[in-house]
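Participant: Structure in structure tokens, see below.
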Amino acid sequence: MTRKLEIPPFDSHSERISNGMETETDSKGRIVRRFEPLAVLAVASEAFPVIKTGGLADVIGSLPKALLSQGVGARTLIPAYPSVLAKCEDKEVAGQMSLLGEQVTLWASHCNDLELLLVDCPALFDRRGGPYLDDQGRNHPDNWRRFALLSAAAARIAAEGVDGWRPDVVHLHDWQAGLTAAYMRASGIDVPIVLTIHNLAFQGQFPVSVFSELGLPDHFLHVNALEYYGDISFLKAGIRMADAVTTVSPTYAREILTEEQGMGMAGVLQSRRSVLSGIVNGIDEDIWNPLTDPYIAQNYDLDSIDRRRDNRDAVERTFGLTPGDGAILSVISRLTWQKGIDLLAPVLPGLIDRGARLIVIGEGDPSIIYGLAEQARKHSGRVVIHLGFSEESAHLLHAGSDIVIQPSRFEPCGLTQLYALRYGAIPIVARTGGLAETVIDANEAAMAAGVATGFQFHPGSIEDLYNAIDRALTTYDNTGSWRRLQTQAMRTDFGWGRSAERYARLYRQLTRSQAGVTVGDVRRCA
Ligand code: ADP
Ligand code: GLC
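Under the working numbering, think of the first position of the sequence shown as 148, with each following residue one higher.
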């Protein structure tokens with residue numbers, strides 16, 4: 148059975164005011180604001196808990212719940228991968244459609260706090276492997292077609308609604324959803340579009356030869372629309388044609404406008420600068436809560452932080468570390484160039500000399516894995532690499548490690564450091580993107596002011612990484628200072644509150660000022 152969206156009801160005292168919100172008086176006669184309900188269609192390639200390869204899934208899975216308290220009811224459209232269909236046993240057919248020559252079934256399902264819409268097309272999604280890669284780690288060769296179909300389905304829902312429900316705003320996430328904007332513009336669907344860039348490194352770039360298969364008007368193969376260095380880019384389509392473009396931290400929003408960090412897209416982003424903003428990610432504080440976490444050996448909170456010790460012991464046992472009092476450092480990450488994992492090898496001898504130990508859990512690049520495996524062989528019991536993706540291990544490592552390292556070369560937001568803070572594991576992060584603005588470096592002034600929560604280093608610098616590890620281990624040796632850091636870390640507020648409010652405000656601004664203004668240039672050129 149499909150459950151209907153539960154949007155907070157309005158009571159009869161409400162009074163509409165000019166900005167589209169509603170007011171009412173509370174028991175003390177004060178005016179409080181209530182919101183006009185808004186329906187949003189979120190479009191993405193993954194959503195926790197039904198399918199996850201990284202932080203995108205966490206955001207897609209947790210933002211809708213936070214938006215509800217802002218009067219925004221979201222339905223989330225994702226592909227019906229086999230594992231998703233298996234997890235969503237409770238579903239019903241919400242529609243049938245023919246898109247790009249394929250017969251598509253649309254399922255409606257409900258999972259945790261998510262209202263899901265599943266695009267079922269076995270010819271494209273019933274595959275071995277993950278959402279993007281086959282079981283040999285290669286891109287599915289028809290990824291362009293798979294995510295064009297997801298986007299075409301989103302545009303159809305924007306136009307016609309589904310089981311009587313219509314979105315007021317369509318919110319696209321990353322390149323996999325980017326083409327939705329093109330399909331909507333091509334059919335003149337006037338629903339405002341928000342595009343969120345979670346990672347500019349992934350641009351959905353495909354040979355121009357596939358353009359004719361997309362069912363878009365010829366004039367969309369234009370430098371102001373899909374054309375991208377002689378190829379086409381689904382992300383560029385979204386950036387050019389959305390009414391608003393956001394990314395997942397204000398720092399990253401600034402960084403991607405520069406040639407150095409714009410990854411070929413800086414010019415395109417500069418052309419949309421007036422509608423580009425950064426909204427930092429939040430975390431699901433129910434799922435990532437050390438007091439109730441079912442995956443950890445011992446639950447705890449700030450008042451019972453000493454109980455972390457049991458989780459530390461569990462980490463040593465589970466990962467086969469040589470027991471000891473030295474700090475346990477963890478990396479929980481995709482093992483790719485972005486994440487700067489290759490910077491770790493040179494700092495290992497210094498770290499081990501000081502009695503510290505390192506656990507790396509992840510999957511990714513074979514050459515990075517090979518390098519780590521070498522180190523683990525060399526420093527048996529002190530350096531452990533655990534290949535694979537395990538939600539359970541990620542939770543235990545946050546609860547039982549002393550330090551979590553993220554040496555990213557760039558990081559749009561990063562969620563791992565937020566989970567670490569919440570669990571009292573002190574983050575060491577590269578000073579870039581969302582890492583730079585969510586971790587406060589423990590320099591003397593910040594320590595004295597009682598606001599420090601971790602350690603930062605210059606991105607890409609092995610020397611400065613070692614410096615940060617050295618500072619962290621020195622602080623770790625001082626029980627009082629370390630406890631102060633942990634306290635400040637655990638008190639940090641990284642819930643969705645403020646950011647959900649910002650998304651809701653953006654949606655409302657767009658529904659009030661009609662979409663056409665900001666995309667006028669695209670329409671003229673395309
Ligand atoms: P990104 O999305 O770039 O990979 P984020 O820090 O935003 O980085 O999110 C990573 C998410 O993936 C977090 O939820 C983290 O716990 C999870 N994760 C990464 N690697 C693993 C792994 N090997 N096992 C379990 N969870 C992992
Ligand atoms: C991407 C980014 C990461 C961000 C996540 C969720 O995967 O690499 O920094 O936290 O998306 O927005």
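Here a beta-carbon is modelled for each residue, glycine too, at the ideal position from N, C-alpha and C.
Taking 6 Å as the cut-off, is the C-beta of Pro-574 nearer than that to any heavy atom in ligand 2?
Facilitator: no
Participant: Give the DSSP-derived three-state secondary structure of Val-551 in the structure shown.
Facilitator: Strand.
Participant: From Ala-255 to Ser-216, what does the alpha carbon distance come to, in whole angstroms?
Facilitator: 22 Å
Participant: Should Leu-482 be counted as a contact of ligand 1 given a C-beta to heavy atom distance under 6 Å?
Facilitator: no
Participant: Specify whether the region 602 to 611 and the region 521 to 540 touch according to this definition: at least 3 beta carbon pairs, one from each stretch, less than 8 Å apart.
Facilitator: no
Participant: Is any heavy atom of ligand 1 found at a distance shorter than 6 Å from the C-beta of Phe-536?
Facilitator: yes
Participant: The alpha helix (DSSP H) with Ser-660 in it runs from where to where?
Facilitator: Looking at the DSSP string, Ser-660 is not in any alpha helix (DSSP H), and its letter there is neither H nor E.
Participant: Verify whether the separation of the beta carbon atoms of Gly-208 and Ala-194 is less than 7 Å.
Facilitator: yes
Participant: I'd like to confirm something about Gly-559: is its beta-carbon nearer than 6 Å to some heavy atom of ligand 2, or not?
Facilitator: Going by the sequence as given, residue 559 is Pro instead of Gly. Pro-559: yes, Cβ under 6 Å from ligand 2.
Participant: With respect to 6 Å, is the separation between the Cβ of Val-206 and the closest non-hydrogen atom of ligand 2 below this value?
Facilitator: yes
Participant: Could you check whether Ile-587 and Ala-593 sit closer than 7 Å to each other, using their CB atoms as the reference points?
Facilitator: yes
Participant: Quick check on the DSSP output: the alpha helix (DSSP H) that includes Ile-676 runs from which residue to which?
Facilitator: Not covered by the structure: residue 676. The range shown for the chain is 148 to 673.
Participant: When the Cα of Pro-278 is compared with those of Leu-264, Leu-185 and Phe-294, which residue comes out closest?
Facilitator: Of the candidates Leu-264, Leu-185 and Phe-294, the one whose C-alpha sits nearest the C-alpha of Pro-278 is Phe-294.
Participant: By Cβ distance, which residues of its chain are closer than 6 Å to Ser-418, with the 5 residues on each side in sequence left out?
Facilitator: Sequence-distant partners of Ser-418 (beyond 5 residues in either direction) whose C-beta falls short of 6 Å from its own C-beta are missing from its chain.
Participant: Going by DSSP, what residue range makes up the beta strand (DSSP E) through Thr-393?
Facilitator: 391 to 394
Participant: From the DSSP output, in three-state form, read off His-545 for me.
Facilitator: helix
Participant: Report the three-state DSSP secondary structure of Asp-260 (helix, strand or coil).
Facilitator: DSSP, reduced to helix, strand and coil, places Asp-260 outside both helices and strands of the structure shown, so it counts as coil.
Participant: Could you tell me the alpha carbon to alpha carbon distance between Gly-362 and Val-341, rounded to whole angstroms?
Facilitator: Distance between the alpha carbons of Gly-362 and Val-341 is about 22 Å.
Participant: Among the residues of its own chain, which have a CB less than 7 Å from the CB of Glu-463, if the five just before and after it don't count?
Facilitator: Pro-470
Participant: Assign Met-168 to one of three DSSP states: helix, strand, or coil.
Facilitator: Because Met-168 sits at a pLDDT of 46, beneath the cut-off of 50, its placement in the model cannot be relied upon, and the point is left open.
Participant: Please report how far the alpha carbon of Met-168 lies from the alpha carbon of Leu-653, in whole angstroms.
Facilitator: Unreliable placement is indicated for Met-168, whose pLDDT of 46 sits below 50; the coordinate value is still reported in the next sentence. Met-168 and Leu-653: Cα-Cα distance of roughly 13 Å.
Participant: Taking just the CA atoms, how far does Asp-448 sit from Ser-298?
Facilitator: 43 Å
Participant: Between the beta-carbon of Tyr-442 and the beta-carbon of Leu-368, is there less than 7 Å?
Facilitator: no
Participant: Beta strand (DSSP E) containing Gln-522: first to last residue?
Facilitator: Premise fails: Gln-522 lies in the alpha helix (DSSP H), 513 to 525, not in any beta strand (DSSP E).
Participant: What's the gap between the Cα of Ala-503 and the Cα of Arg-401?
Facilitator: For Ala-503 and Arg-401, the distance between alpha carbons rounds to 36 Å.
Participant: For Leu-136, report the span of its beta strand (DSSP E) as first-last.
Facilitator: Past the edges of the chain, shown from 148 to 673, lies residue 136, and the structure says nothing about it.
Participant: Do Leu-326 and Phe-381 have their C-beta atoms closer together than 7 Å?
Facilitator: Cβ atoms of Leu-326 and Phe-381: closer than 7 Å.
Participant: What does the alpha-carbon distance come out to for the pair Pro-314 and Leu-562?
Facilitator: Pro-314 and Leu-562 have their C-alpha atoms spaced approximately 28 Å apart.
Participant: Which value, in whole angstroms, describes the spacing of the CA atoms of Ala-651 and Ala-186?
Facilitator: Rounded to whole angstroms, Ala-651 to Ala-186 spans 10 Å at the Cα level.
Participant: Report the rounded CA-to-CA distance for Arg-569 versus Glu-591, giving the unit in angstroms.
Facilitator: 23 Å
Participant: In whole angstroms, what separates the C-alpha of Thr-658 from that of Leu-261?
Facilitator: Spanning the two alpha carbons is a distance of roughly 23 Å.
Participant: Could you pull out every unbroken alpha helix (DSSP H) segment of at least 4 residues lying fully inside the region 559 to 645, listed in chain order?
Facilitator: Runs of the alpha helix (DSSP H) lying entirely within the region 559 to 645 and spanning at least 4 residues, in chain order: 563 to 570, 580 to 585, 591 to 596, 609 to 623 and 626 to 638.
Participant: Taking a contact to mean a Cβ-Cβ separation below 7 Å, would you say Gly-429 touches Gly-642 in this structure?
Facilitator: It is a contact, given that the beta carbons lie within the stated cut-off.
Participant: Got a sec? Which residues, its chain only, sit under 6 Å from Pro-574 by beta carbon, not counting five neighbours each side?
Facilitator: Val-551, Gln-564, Ala-567, Val-586 and Gly-601
Participant: What does a CB cutoff of less than 8 Å around Met-410 pick up in its chain, not counting 5 residues either side in sequence?
Facilitator: Leu-347, Ala-348, Gln-350 and Ile-403
Participant: Hey, how far is the Cα of Ala-474 from the Cα of Trp-629?
Facilitator: 11 Å
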